[in-house]
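Notes for the one structure printed next.
2 protein chains.
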Amino acid sequence: MTKSPIYLDYAAATPIDAAVIKVMEPYYARQFYNPSATYHAAKVIRSAVTTARKEVAHWLGARSSEIIFTAGGTEANNLSIHGIMRRYPKANIVISSIEHESVQAPAAHYNYREVKVQSDGRVDLHDLDRKIDNQTALVSIMYANNEIGTVQPMRDIAKIIKAKQVERSREDPPLIFHSDACQAANYLDLHVARLGVDMLTLNGGKIYGPKQSGALYVKAGINLLPLIDGGGQEQGVRSGTENVAGIVGFATALQLAQTDRHQEAERLRSLQHYFFSELAKRLPKALINGSVKYRLPNNLHFTLPGTDNERLLIALDEAGVQAAAGSACSASDEMPSHVLSALGLGDDYAQASLRMTMGRQTSLDQLKAVISLLQQLTNRS
Amino acid sequence: MTKSPIYLDYAAATPIDAAVIKVMEPYYARQFYNPSATYHAAKVIRSAVTTARKEVAHWLGARSSEIIFTAGGTEANNLSIHGIMRRYPKANIVISSIEHESVQAPAAHYNYREVKVQSDGRVDLHDLDRKIDNQTALVSIMYANNEIGTVQPMRDIAKIIKAKQVERSREDPPLIFHSDACQAANYLDLHVARLGVDMLTLNGGKIYGPKQSGALYVKAGINLLPLIDGGGQEQGVRSGTENVAGIVGFATALQLAQTDRHQEAERLRSLQHYFFSELAKRLPKALINGSVKYRLPNNLHFTLPGTDNERLLIALDEAGVQAAAGSACSASDEMPSHVLSALGLGDDYAQASLRMTMGRQTSLDQLKAVISLLQQLTNRS
Numbered sequence: 003m004t005k006s007p008i009y010l011d012y013a014a015a016t017p018i019d020a021a022v023i024k025v026m027e028p029y030y031a032r033q034f035y036n037p038s039a040t041y042h043a044a045k046v047i048r049s050a051v052t053t054a055r056k057e058v059a060h061w062l063g064a065r066s067s068e069i070i071f072t073a074g075g076t077e078a079n080n081l082s083i084h085g086i087m088r089r090y091p092k093a094n095i096v097i098s099s100i101e102h103e104s105v106q107a108p109a110a111h112y113n114y115r116e117v118k119v120q121s122d123g124r125v126d127l128h129d130l131d132r133k134i135d136n137q138t139a140l141v142s143i144m145y146a147n148n149e150i151g152t153v154q155p156m157r158d159i160a161k162i163i164k165a166k167q168v169e170r171s172r173e174d175p176p177l178i179f180h181s182d183a184c185q186a187a188n189y190l191d192l193h194v195a196r197l198g199v200d201m202l203t204l205n206g207g208k209i210y211g212p213k214q215s216g217a218l219y220v221k222a223g224i225n226l227l228p229l230i231d232g233g234g235q236e237q238g239v240r241s242g243t244e245n246v247a248g249i250v251g252f253a254t255a256l257q258l259a260q261t262d263r264h265q266e267a268e269r270l271r272s273l274q275h276y277f278f279s280e281l282a283k284r285l286p287k288a289l290i291n292g293s294v295k296y297r298l299p300n301n302l303h304f305t306l307p308g309t310d311n312e313r314l315l316i317a318l319d320e321a322g323v324q325a326a327a328g329s330a331c332s333a334s335d336e337m338p339s340h341v342l343s344a345l346g347l348g349d350d351y352a353q354a355s356l357r358m359t360m361g362r363q364t365s366l367d368q369l370k371a372v373i374s375l376l377q378q379l380t381n382r383s
Numbered sequence: 003m004t005k006s007p008i009y010l011d012y013a014a015a016t017p018i019d020a021a022v023i024k025v026m027e028p029y030y031a032r033q034f035y036n037p038s039a040t041y042h043a044a045k046v047i048r049s050a051v052t053t054a055r056k057e058v059a060h061w062l063g064a065r066s067s068e069i070i071f072t073a074g075g076t077e078a079n080n081l082s083i084h085g086i087m088r089r090y091p092k093a094n095i096v097i098s099s100i101e102h103e104s105v106q107a108p109a110a111h112y113n114y115r116e117v118k119v120q121s122d123g124r125v126d127l128h129d130l131d132r133k134i135d136n137q138t139a140l141v142s143i144m145y146a147n148n149e150i151g152t153v154q155p156m157r158d159i160a161k162i163i164k165a166k167q168v169e170r171s172r173e174d175p176p177l178i179f180h181s182d183a184c185q186a187a188n189y190l191d192l193h194v195a196r197l198g199v200d201m202l203t204l205n206g207g208k209i210y211g212p213k214q215s216g217a218l219y220v221k222a223g224i225n226l227l228p229l230i231d232g233g234g235q236e237q238g239v240r241s242g243t244e245n246v247a248g249i250v251g252f253a254t255a256l257q258l259a260q261t262d263r264h265q266e267a268e269r270l271r272s273l274q275h276y277f278f279s280e281l282a283k284r285l286p287k288a289l290i291n292g293s294v295k296y297r298l299p300n301n302l303h304f305t306l307p308g309t310d311n312e313r314l315l316i317a318l319d320e321a322g323v324q325a326a327a328g329s330a331c332s333a334s335d336e337m338p339s340h341v342l343s344a345l346g347l348g349d350d351y352a353q354a355s356l357r358m359t360m361g362r363q364t365s366l367d368q369l370k371a372v373i374s375l376l377q378q379l380t381n382r383s
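Chains B and U, in that order, give the protein sequences.
Under my numbering, the first residue of the first sequence is numbered 3, with each subsequent residue one higher.
Under my numbering, the first residue of the second sequence is numbered 3, with each subsequent residue one higher.
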């Protein structure tokens with residue numbers, strides 16, 4: 003084993019990119035002004051926010067006015083759901099059964115319905131079609147899953163939603179398609195028109211940007227109720243003195259991720275292929291969870307039947323490998339993953355599962371070491 | 003005039019202290035882990051959050067478990083109000099007529115009542131006593147005002163509230179005292195038991211800490227509904243992967259501010275005295291707004307009758323002086339300040355008013371230059 007730790011939990015947190023740290027620095031002690039102030043120096047800051055908004059909009063093929071900066075992905079998901087559902091108290095919301103807690107929990111405040119996923123983690127489109135009725139105001143289905151990395155058929159989902167929209171009468175609520183793209187933004191296309199989404203959540207902390215930075219894309223014409231009210235910043239939808247360093251850092255992180263996404267996805271795809279092949283050879287009992295084909299290139303989620311993931315994670319950590327059992331967010335509670343349950347996998351199976359998520363520092367040598375280590379550890383037990 | 007600008011808008015934004023920038027830095031690219039992860043390196047991060055929470059609790063005389071980290075003061079104010087009022091839909095909320103927009107706007111969602119202030123900006127205690135009834139669940143009165151700097155008689159307010167609490171029956175909602183201490187935290191005592199508050203809002207961006215960092219003190223036993231739901235961080239009250247750099251930076255900023263508060267308050271008090279004395283001598287028509295005695299030491303809010311503050315601010319900016327008309331938050335809209343209206347001051351008067359707020363870099367030489375400049379500019383017009 004190498005001495006420096008092998009970090010394989012990029013879905014939980016990413017280090018801030020050196021270039022991002024650099025663009026944030028001027029806003030700490032020098033260009034610290036309140037962007038709402040009237041003097042010239044504050045207007046310069048305001049224009050930095052405007053530029054960041056344009057950059058983010060660019061990658062989404064959106065207008066600047068459609069970008070709301072938030073303090074992270076969780077806030078953006080909450081804003082999208084409460085912002086719509088509080089407007090239409092009689093309406094229902096449809097989510098997939100493998101959404102992140104920051105979609106599940108706010109959805110649970112309302113009349114909500116879960117769409118089944120297939121055993122590969124992809125949304126059951128027939129079930130989606132069935133679950134949407136003329137009182138559905140919002141469908142929230144994540145672009146790529148945070149645990150198993152499954153990428154959803156966004157355009158097919160959007161098609162179903164669009165067909166339902168046509169059937170609506172004037173008295174019905176609007177039917178809006180929101181997607182949590184927190185895990186997708188490093189590797190996938192974010193063009194909102196191509197995806198067919200009306201709202202999209204982005205999270206700086208997962209794309210080598212600052213934590214609790216992020217944005218919600220909100221298509222023009224959608225009128226969200228604010229979650230956080232006050233001075234009226236962010237078009238009145240997210241009040242609070244802007245975190246300019248965070249906003250500029252987030253925009254830069256998104257730009258870096260999206261610029262390199264094809265190259266980085268290809269590199270990781272080849273590492274992913276190597277890992278899964280080696281796993282099949284050297285730990286033949288191992289099972290991959292979630293679709294192999296429709297999958298984020300950085301996700302390695304697998305089960306080693308008969309092992310205990312808690313023990314395995316401790317042994318891995320001692321050997322310098324930092325990995326996870328499920329999502330970090332729910333790591334502290336003892337509940338088995340709702341994502342694996344939704345795939346039809348039992349608790350025993352879930353408790354023998356590991357999530358390893360790769361990133362910019364992940365190398366072939368690291369994976370070789372991890373495979374050998376897994377082999378050692380499982381032979382031992 | 004000196005060449006480098008004279009910044010007199012510290013109530014709108016403060017530069018991040020060099021020591022704060024330094025403590026945040028390790029959490030960007032090295033100790034970037036998700037505090038909820040299970041490996042040792044993540045536990046180190048988790049303990050940094052625990053330490054920060056203890057430090058913040060220390061200055062408030064509170065328990066660590068009573069501190070909820072938020073993404074800024076606006077969020078904390080919203081959380082305190084919605085977190086209580088959504089629990090008690092039939093209850094009412096009492097606020098002062100000079101609250102910040104981040105208290106006013108969420109309060110306006112409910113049955114709310116405004117307590118009058120006297121002409122000096124201090125809350126009318128008789129009116130407070132009258133406005134609270136047995137269906138009042140929450141009283142939110144800011145510790146020190148962001149525009150005119152008026153410091154409220156917190157203990158007298160708390161006494162009235164405590165007397166009302168005793169009268170409550172079991173069927174009534176609880177009666178909770180919240181205070182927005184965003185502007186107070188640099189100069190005043192934050193000990194929650196001495197103040198008699200049940201909830202207290204703090205904001206990193208106003209105390210030389212990072213923007214969109216902050217905390218809400220919530221007295222043990224008070225059960226807030228979350229504003230932002232998900233992974234269950236911050237005791238389930240504020241979900242979202244922790245902004246550890248922001249949390250550590252905020253705690254350090256609070257520590258620096260509270261450690262030096264007596265000394266800095268004294269220094270600024272003497273500058274304030276100088277400024278108001280010179281103003282009286284050299285611009286005798288000038289009028290000070292808000293109590294002179296019960297006032298933040300850094301606040302200079304005054305009216306130069308017959309002048310137009312918009313023009314004056316432009317001229318000041320051109321001469322290198324950065325000041326404000328009212329709060330920066332509402333700077334963009336054309337409405338006259340609700341704070342000055344609440345003092346009984348007309349629109350013409352408000353439009354001849356300036357807010358200058360001093361801070362760590364403010365010097366006597368700067369104030370001398372500003373006084374001379376004001377004299378020049380008003381003689382000219």
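Think of the CB as a built atom: it goes at the ideal place given N, C-alpha and C, for glycine as much as any other residue.
Quick caveat, the model's predicted, so the values are computed rather than measured.
Looking only at its own chain, which residues have a Cβ that is under 6 angstroms from the Cβ of residue i, when we skip the five neighbours before and after it?
| i | result |
| --- | --- |
| A186(U) | Y145, A146 |
| A333(B) | Legend: pLDDT at A333(B) = 48, less than 50; position of this residue unreliable, value from coordinates given subsequently. Cβ within range, chain order: n/a, list empty. |
In angstroms, rounded to a whole number, what distance separates the CA positions of residue i and residue j?
| i | j | result |
| --- | --- | --- |
| L342(U) | V153(U) | 15 angstroms |
| P212(U) | N245(B) | 8 angstroms |
| H111(U) | M201(U) | 19 angstroms |
| D122(B) | I224(B) | 33 angstroms |
| N148(B) | G242(U) | 14 angstroms |
| R170(B) | P176(B) | 8 angstroms |
| E160(B) | L192(B) | What sits at residue 160(B) in the sequence shown is Ala, not Glu. For A160(B) and L192(B), the distance between alpha carbons rounds to 14 angstroms. |
| N300(U) | Y12(U) | 8 angstroms |
| T203(U) | D350(U) | 33 angstroms |
| I230(U) | E77(B) | 6 angstroms |
| S6(U) | V194(U) | 40 angstroms |
| T16(U) | T52(B) | 21 angstroms |
| D319(B) | A73(U) | 31 angstroms |
| M3(B) | L379(B) | Its pLDDT being 45, under 50, M3(B) is placed unreliably in this model, and the coordinates cannot settle the point. |
| S365(U) | C184(B) | 47 angstroms |
| N79(U) | R263(U) | 23 angstroms |
| S293(B) | G233(B) | 45 angstroms |
| Q137(B) | L81(U) | 30 angstroms |
| D129(U) | I23(B) | 51 angstroms |
| I209(B) | Y29(U) | 15 angstroms |
With DSSP collapsed to three states, give me the class of residue i.
| i | result |
| --- | --- |
| A14(B) | coil |
| T72(U) | strand |
| T4(U) | The predicted position of T4(U) is uncertain, since its pLDDT is 47 and thus under 50; a value taken from the coordinates is nonetheless stated next. Correct three-state label for T4(U): coil. |
| Q222(B) | Looking at the sequence provided, one finds Ala at residue 222(B) rather than Gln. Of the three classes helix, strand and coil, the one that applies to A222(B) here is coil, per DSSP. |
| V294(B) | coil |
| V239(U) | coil |
| I150(B) | coil |
| A139(B) | strand |
| L270(B) | helix |
Keeping to the same chain, check which residues put their C-beta closer than 7 angstroms to that of residue i; ignore five residues upstream and five downstream.
| i | result |
| --- | --- |
| E68(U) | A59, Y219, V220, K221, A222 |
| Y9(B) | Q324, Q363 |
| R269(U) | none |
| R124(U) | T152, Q154, P155, S293, Y296 |
| Y90(U) | A139, P175 |
Tell me which residues share the same chain as residue i and place their Cβ nearer than 8 angstroms to its Cβ, disregarding the 5 neighbours each side in the sequence.
| i | result |
| --- | --- |
| Q106(U) | I97, H340 |
| E101(B) | A109, S142, I143, M144, D182 |
So residue i and residue j are supposed to be a Cβ contact under 8 angstroms. How far apart are they, rounded?
| i | j | result |
| --- | --- | --- |
| V303(U) | S355(U) | Checking the sequence, you will find His at residue 303(U) rather than Val. Sure, about 7 angstroms apart at Cβ, within 8 angstroms. |
| Q353(B) | N311(B) | 6 angstroms |
| request: Mind listing, in chain order, the continuous alpha helix (DSSP H) runs of no fewer than 4 residues lying wholly within the region 163 to 218 of chain U? | output: 194 to 197
| query | Which whole runs of the beta strand (DSSP E) in the region 54 to 118 of chain U are 3 residues long or more, in chain order? | reply | 69 to 72, 94 to 98, 113 to 117
| Start-end ranges of the beta strand (DSSP E) lying completely within the region 300 to 344 of chain U, minimum 3 residues | Whole beta strand (DSSP E) segments, 3+ residues: 301 to 305.
| Can you list the alpha helix (DSSP H) stretches of 4 or more residues lying completely in the region 346 to 376 of chain U, in chain order? | Every alpha helix (DSSP H) of 4 residues or more that sits fully in the region 346 to 376 of chain U is shown, in chain order, as 349 to 352.
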